Structures are given as C-alpha cells and as structure tokens.
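To start, the structure itself, in structure tokens.
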Amino acid sequence: MKSKPALIWVICLGLGFAGGWLSRGTSFAPATSETSRADSLRVVAQPVAIMISPPSGPAKDLSEPADSAAAQRSQVVSDLNTLVGERKRGLYIAIPVFGADGLEPTFAKVYGLSPEEISALNEAIKATKGKFTALAIQTAKAELSADGSRLVVEVPSVTDQGGGIYDQLLQSFEGVLGPDRFQSFNALSGAIFDTGFGSFGIWNTRYEVSVATPKTATWDATYRITMNSTGPNGSSNGNFTLHQNGLSTQYPVLSHFISAGFVPKPGGK
Numbered sequence: 000m001k002s003k004p005a006l007i008w009v010i011c012l013g014l015g016f017a018g019g020w021l022s023r024g025t026s027f028a029p030a031t032s033e034t035s036r037a038d039s040l041r042v043v044a045q046p047v048a049i050m051i052s053p054p055s056g057p058a059k060d061l062s063e064p065a066d067s068a069a070a071q072r073s074q075v076v077s078d079l080n081t082l083v084g085e086r087k088r089g090l091y092i093a094i095p096v097f098g099a100d101g102l103e104p105t106f107a108k109v110y111g112l113s114p115e116e117i118s119a120l121n122e123a124i125k126a127t128k129g130k131f132t133a134l135a136i137q138t139a140k141a142e143l144s145a146d147g148s149r150l151v152v153e154v155p156s157v158t159d160q161g162g163g164i165y166d167q168l169l170q171s172f173e174g175v176l177g178p179d180r181f182q183s184f185n186a187l188s189g190a191i192f193d194t195g196f197g198s199f200g201i202w203n204t205r206y207e208v209s210v211a212t213p214k215t216a217t218w219d220a221t222y223r224i225t226m227n228s229t230g231p232n233g234s235s236n237g238n239f240t241l242h243q244n245g246l247s248t249q250y251p252v253l254s255h256f257i258s259a260g261f262v263p264k265p266g267g268k
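So the sequence shown is numbered by our numbering: it starts at 0 and just counts up by one.
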C-alpha cells in the first residue's frame with residue numbers, strides 16, 4: 000500500500016567550528032570522543048528551514064509495487080536536488096550525519112533511507128567507532144595526577160590509520176546511497192561527515208577526569224570531564240559531566256582506563 004507524502008521541515012543547521020571547516024580532501028576522524036569527528040562540532044542554531052516533501056515512510060517498501068518504490072526514490076532525489084540548488088543560491092543548508100547512537104534520524108529522513116539501508120549504515124558507523132576506540136586505547140597514555148584526584152588521558156592523532164577508516168566508511172555511504180543520492184550527499188553532508196570521529200583521527204585530545212559524585216551502594220559514580228583537542232585547523236574544548244553508563248558508551252577509552260585501575264579519588268576539581 001502506498002504511503003502519502005508528508006510535508007516535513009528540514010532543519011538547516013548553521014555549523015560553526017572552533018577551528019574552521021576541514022577540507023574533504025583530507026582523509027578522516029572520531030564523533031566528539033576518541034571515536035568521532037562529529038563531537039568536535041559546535042552547532043550554532045540557525046536557519047530557517049526549507050520545506051520539502053519526501054515520503055513519510057522509508058524510500059523503499061518491499062510490499063509495494065516496483066513503480067511505487069521508484070516513484071518515491073525519484074521524489075527523494077528531486078527534493079535533494081532542490082536543497083542543493085538552494086544551497087548554491089546562498090542558503091546555507093547542512094544535513095547532519097552522525098547522531099548519538101549512530102546515524103542521525105534527520106539524515107535517514109531527508110535521504111529517504113529504507114530500514115535496510117539505515118541498518119547497513121548503522122553497522123558501518125558502529126564498526127568505525129570500534130576501530131577508533133581500539134586505536135585510541137592502543138596509542139593513548141594515561142596517568143593519575145600527583146594527588147590521585149584526576150585521571151589524565153592523552154590520545155594522539157592517528158592520521159595514517161584514520162585515512163583508511165575514513166575511506167571505508169565513505170564507501171559504505173556511497174554504496175548505500177547510490178550515485179543519485181550520493182551526489183547530493185557531497186554537497187549537503189560531506190563537510191559534516193568529515194568532522195566525524197575526531198575528524199577521523201587528526202585531533203590530538205587531552206582528557207582530564209575527576210569524580211563529580213562518588214559511587215554509593217545504590218548509585219554509580221558520575222564523572223566530570225574536561226576535553227581539549229588540537230588539530231591542523233585550530234582547537235576545541237569542552238566541559239561536561241557523565242554518569243558511568245554514559246562514560247562507557249560515549250567515551251569508551253576513558254571507561255577502559257578507569258576499569259583498568261586508573262580510578263580518580265573523590266574530591267578532585
């Protein structure tokens with residue numbers, strides 16, 4: 000059965016970087032943590048969005064006739080071309096790629112991805128995160144401060160290895176999107192993609208971790224984290240507090256060293 004098109008608002012994000020845009024010719028990085036370029040982004044609210052009308056459901060439904068799926072795909076490509084045209088006319092439009100747990104839902108909607116395509120890209124992103132996490136653990140240096148109140152972890156850039164990982168993930172996106180949607184991807188999402196996974200390994204990142212609230216019989220500890228990253232195009236920094244579970248999922252390299260015995264004492268600043 001055919002699904003009715005639904006008008007949606009595509010949020011056009013004005014993206015500001017502490018260090019400026021990375022060129023697409025450079026191979027790679029992780030999403031804010033040791034795993035991704037997307038985390039080094041500073042998203043600045045902006046834009047008025049453009050209204051487009053992709054299908055409300057996935058681009059392909061195996062229960063529908065082939066001509067219906069083809070028509071939906073054609074509509075998605077047409078809408079993407081419209082966005083590219085608006086961008087060329089001066090409206091800054093950027094479609095985010097990476098979300099907190101994999102593919103950004105907005106990306107899947109705008110590019111008309113089917114459930115199978117979403118699954119394939121999520122698997123590719125998960126594999127990429129795993130590779131950068133492993134590299135970070137292998138290359139990082141960790142130590143406790145003199146008073147034991149802070150865990151200091153320094154993760155160096157891994158540009159040589161990161162370039163290959165970048166190419167693999169980009170090929171996954173190209174294979175899933177196909178030539179018609181991938182052409183628009185380069186214009187609408189390419190620069191954001193390049194900032195993922197710490198710009199695919201080009202950042203040198205220093206973390207300082209202290210205990211915000213200690214572990215109790217009923218609650219896990221929470222950690223205060225200061226992050227400073229430097230790269231070819233500048234630097235970025237951030238301060239935030241995470242629960243133990245958040246630390247494990249968002250910053251596995253830090254969780255790894257804490258589990259290995261580098262446990263900061265409560266009372267650090």
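All C-beta atoms in this analysis are idealised placements derived from N, C-alpha and C, irrespective of residue type, glycine included.
Keep in mind it's a predicted model, so treat the numbers as computed, not measured.
Distances from the alpha-carbon of glycine 129 to those of Asn203, Leu168 and Phe261 put Leu168 closest. Residue nearest to tyrosine 165 within the set Ala186, Ser198, Leu143 and Ser156 is Ser198 (criterion: CA-CA distance). Just so you know, the alpha carbons of glutamate 153 and glycine 162 end up roughly 20 Å apart. The three-state secondary structure of threonine 204, taken from DSSP, is strand. Glutamine 71 has its alpha-carbon roughly 11 Å from the corresponding atom of serine 113.
Take the alpha-carbon of serine 188 and the one of arginine 86: they are about 12 Å apart.
Taken through DSSP and simplified to helix, strand or coil, alanine 141 comes out as strand. By the neighbour-count criterion, in which 16 or more other beta carbons inside 10 Å mark a residue as buried, glutamine 249 falls on the buried side. For tyrosine 222, the uninterrupted beta strand (DSSP E) run begins and ends at 221-230, by DSSP. Separation of phenylalanine 172 and threonine 127 (C-alpha to C-alpha, rounded to the nearest whole angstrom) is 12 Å. Contact between the region 116-126 and the region 100-108 is present: 3 or more CB-CB pairs across the two stretches fall below 8 Å. Here glutamate 207 is buried: its Cβ has 16 or more other Cβ atoms, across all protein chains shown, within 10 Å. With respect to the C-alpha of threonine 204, the residue from Ile191, Val151, Ile92 and Val75 having the closest C-alpha is Val151. For alanine 259, the closest C-alpha among the options Glu115, Ile136, Thr81 and Val96 is that of Ile136.
With fewer than 16 neighbouring CB atoms inside 10 Å of its own CB, glutamate 115 falls in the exposed class. Cβ-Cβ separation between phenylalanine 239 and isoleucine 257: approximately 16 Å, too far for a contact (criterion under 8 Å). If you draw a straight line from the Cα of alanine 211 to the Cα of leucine 176, it comes to about 43 Å.
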